[in-house]
Amino acid sequence: MKIKLWGVRGSITTTGPETAYYGGNTSCVDVWEDGCLLVLDGGSGIQKLVVNNELATKRIDVLLTHLHLDHIQGLGFFKPLFDPSMDVHIWGPASSTRTLHSRLSRYLSPPLFPVLIRDLPCKLTLHEVENSRFTIGPFTIQSNYVIHPGPTVGYRVTGRQSTFAFIPDHEPALGKNGIIKNNRWLSGFDLAAGADLLLHDAQYTEQEYSNKKGWGHSSMEDAGLFASMAGVKRVLFAHHDPSRTDIQLDDIFTSFQEKTSYPFNYQLAREGMEIILDKL
Amino acid sequence: MPAYEIEIILNRQLADCLSIPVFITDTKGNLIYYNEPAEEIFGKRFEETGEMPVEQWSTMFKPVDENGIVISPAELPLVQTLQNATPHHKTFWIESLQGKNQKISVTSYPIIGRTGTMSGAVAIFWKSTDE
């Protein structure tokens, strides 16, 4: 399984030399195996995915965790959607009252976007996910609702030899006393349990999180605790706060490393990072 | 063992913030959480008991009506909620830990998440100030 990060910034794109190292594009990751391509989230990073990849497949599956703008804003600029030869499948959560098509149409329609979903030239298929399990090519995929405002899922992608858990927006600590230290009471646990790689929300410092409970995101400390409880092998902290410069991210992460010790590798997610997961 | 649905987890986190007694069950009626105010009614601490099978915890209350006649389980709000997945409310008496009957009101509601499937139920106990 080959993974590439095309966007790891949270909330809104950032540009400029001060964010060039970790990157300013919002959530997008691709996963390749056996010529099959999954795209996780359609943030602004998805635009570069097409530019830099010569697609070896005519089918692309885009798995959306949720429909907040920083996770879909790149869709309107995703070239395969405008290519009649492409077979594009978009997977994502509906709400209690609106279909995925209806929810996506709020963005992919005027006045926010000039082209309607029904006018996209590709062969487009929408799939609604909830607490679901399905297969795409060599991948077995599990989606589960996780704690974040609005219908939001995380994905567990299992290939032939390895498992990648993708939970970019997640607040498992929402509550009076934070994370309940019991796996049965841990949002997202089933997605991440024993994964070879976890990409997880870590937008805030512990101090910042105390003033932002309920916003749907995690502190690095909570992300680390979540990963520990889930028994993952490696973690990428993502959804970097848009106000952070590269220097600030490095400083925060260095301080975090000095006071933490986990039995797994953990680092900051960086746009352009490529990872090969080759064994269970 | 798989984790609970997030609507169950969020109900527990909410209950943990409330000053009113809250009991949370799974769809079979097994008690999977009760908060600190509920511990006072129950006479036990969640940290000590953990989750409790329905057969065990349902016999710990002795609900009676205003005439002292025992109320059958089928008439209790939580049981009705578990049976038909709708909210219920009832006022009755239970024997307190001090051996004195206490008037309480119970409101129960089903936990039905976005999937449309009921994953459990919540019972809120309101202590009546009436004697």
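Residue numbers (this note's numbering), protein chains in the order written: chain A, 263 to 542; chain B, 2 to 132.
Ideal placement from N, C-alpha and C gives every residue a C-beta, glycine not left out.
Environment of residue i [buried if 16+ CB atoms lie within 10 Å]
i, result
"Met2 (chain B)", "exposed"
"Asn527 (chain A)", "exposed"
"Ile509 (chain A)", "exposed"
"Leu326 (chain A)", "buried"
"Ser289 (chain A)", "buried"
"Pro342 (chain A)", "buried"
"Tyr524 (chain A)", "exposed"
"Lys29 (chain B)", "exposed"
"Thr603 (chain A)", "Any answer about residue 603 (chain A) is impossible in this case: the structure gives chain A only from 263 up to 542."
"Ala16 (chain B)", "buried"
"Ile352 (chain A)", "buried"
"Thr361 (chain A)", "exposed"
"Pro376 (chain A)", "exposed"
"Leu542 (chain A)", "Low local confidence applies: a pLDDT of 46 at Leu542 (chain A) is under 50, so the model's placement there is unreliable, and no value is given."
"Ile537 (chain A)", "buried"
"Gln519 (chain A)", "exposed"
"Ser472 (chain A)", "exposed"
"Asn439 (chain A)", "exposed"
"Asp66 (chain B)", "exposed"
"Ser347 (chain A)", "exposed"
"Asp27 (chain B)", "buried"
"Phe488 (chain A)", "buried"
"Asn36 (chain B)", "buried"
Distance, residue j Cα to residue i Cα
i, j, result
"Asn287 (chain A)", "Pro504 (chain A)", "10 Å"
"Pro88 (chain B)", "Ile9 (chain B)", "16 Å"
"Ser364 (chain A)", "Lys45 (chain B)", "49 Å"
"Lys475 (chain A)", "Leu436 (chain A)", "6 Å"
"Ser449 (chain A)", "Glu6 (chain B)", "8 Å"
"His501 (chain A)", "Thr275 (chain A)", "11 Å"
"Leu388 (chain A)", "Arg380 (chain A)", "12 Å"
"Pro430 (chain A)", "Ala485 (chain A)", "10 Å"
"Leu498 (chain A)", "Arg532 (chain A)", "9 Å"
"Gly354 (chain A)", "Val415 (chain A)", "8 Å"
"Glu433 (chain A)", "Ile441 (chain A)", "9 Å"
"Lys521 (chain A)", "Arg271 (chain A)", "24 Å"
"Ile113 (chain B)", "Ile33 (chain B)", "16 Å"
"Lys104 (chain B)", "Gly412 (chain A)", "39 Å"
"Met482 (chain A)", "Trp268 (chain A)", "21 Å"
"Gly338 (chain A)", "Val324 (chain A)", "13 Å"
"Gly278 (chain A)", "Leu511 (chain A)", "15 Å"
"Ile409 (chain A)", "His479 (chain A)", "9 Å"
"Arg422 (chain A)", "Thr92 (chain B)", "58 Å"
"Gly69 (chain B)", "Glu56 (chain B)", "23 Å"
"Ala4 (chain B)", "Asn445 (chain A)", "6 Å"
"Ile265 (chain A)", "Met535 (chain A)", "8 Å"
"Asn314 (chain A)", "Met263 (chain A)", "The predicted position of Asn314 (chain A) is uncertain, since its pLDDT is 47 and thus under 50; a value taken from the coordinates is nonetheless stated next. Roughly 19 Å between the two C-alpha positions."
"Asn406 (chain A)", "Ser129 (chain B)", "40 Å"
"Thr116 (chain B)", "Asn393 (chain A)", "8 Å"
"Thr359 (chain A)", "Glu40 (chain B)", "37 Å"
"Ser137 (chain B)", "Leu453 (chain A)", "Missing from the structure shown is residue 137 (chain B); chain B here goes from 2 to 132 and no further."
"Leu299 (chain A)", "Pro400 (chain A)", "10 Å"
"Leu374 (chain A)", "Gln81 (chain B)", "48 Å"
"Ile125 (chain B)", "Tyr110 (chain B)", "9 Å"
"Cys18 (chain B)", "Lys310 (chain A)", "45 Å"
"Tyr369 (chain A)", "Phe340 (chain A)", "14 Å"
"Thr281 (chain A)", "Trp477 (chain A)", "23 Å"
"Gln465 (chain A)", "Val391 (chain A)", "25 Å"
If the cut-off is 9 Å on Cβ atoms, which residues from the region 7-22 of chain B count as contacting chain A, listed in chain order? Residues passing the 9 Å Cβ filter: Ile7, Glu8, Ile9, Ile10, Leu11, Arg13, Gln14, Leu15, Asp17, Cys18.
What are the residues in the region 445-475 of chain A lying within 7 Å of chain B by C-beta distance? Those residues of the region 445-475 of chain A placed with their C-beta closer than 7 Å to a C-beta in chain B are Asn445, Arg446, Trp447, Leu448, Ser449, Phe451, Asp452, ordered along the chain.
Anything in the region 32-46 of chain B with a Cβ closer than 7 Å to a Cβ of chain A? List those residues in chain order, please. none
Between the region 332-348 of chain A and the region 440-460 of chain A, do three or more beta carbon pairs fall short of 8 Å? no
Against chain B: residues of the region 388-419 of chain A by CB proximity under 7 Å: Listed by position along the chain: Glu392, Asn393, Tyr407, Val408, Ile409, Pro413.
For the structure I just gave you, are there three or more beta carbon pairs, one from the region 15-23 of chain B and one from the region 290-303 of chain A, closer than 8 Å? no
Going along the chain, which residues of the region 65-89 of chain B sit with their C-beta nearer than 7 Å to a C-beta in chain A? none
Contiguous beta strand (DSSP E) assignments of at least 3 residues, all confined to the region 412-436 of chain A: 415-420, 425-429
Interfacial residues, the region 340-374 of chain A to chain B, with Cβ spacing under 9 Å: Taking 9 Å as the Cβ-Cβ cut-off against chain B, the residues of the region 340-374 of chain A that qualify are Pro355, Ala356, Ser357, Ser358.
Any chance you could list the beta strand (DSSP E) runs of at least 3 consecutive residues sitting entirely within the region 495-536 of chain A, in chain order? Here the runs fully enclosed are 496-500, 527-530.
To test your reading of the DSSP string, which unbroken alpha helix (DSSP H) runs of 4 or more residues are found completely within the region 430-484 of chain A? 451-454, 468-472
What are the residues in the region 426-442 of chain A lying within 8 Å of chain B by C-beta distance? So the list reads Leu436, Gly437, Lys438, Asn439, Ile442, given in the order they occur along the chain.
If you scan the region 365-412 of chain A from start to end, which runs of the beta strand (DSSP E) of 3 or more residues do you find wholly inside it? Residue ranges of uninterrupted beta strand (DSSP E) with 3 or more members, entirely inside the region 365-412 of chain A and ordered along the chain, are 385-391, 394-398, 401-407.
Quick one: which unbroken beta strand (DSSP E) runs of 3-plus residues sit fully inside the region 61-109 of chain B? Chain order, please. 89-96
Please specify which runs of the beta strand (DSSP E), each continuous and at least 3 residues long, are wholly inside the region 314-352 of chain A, giving them in chain order. 321-325
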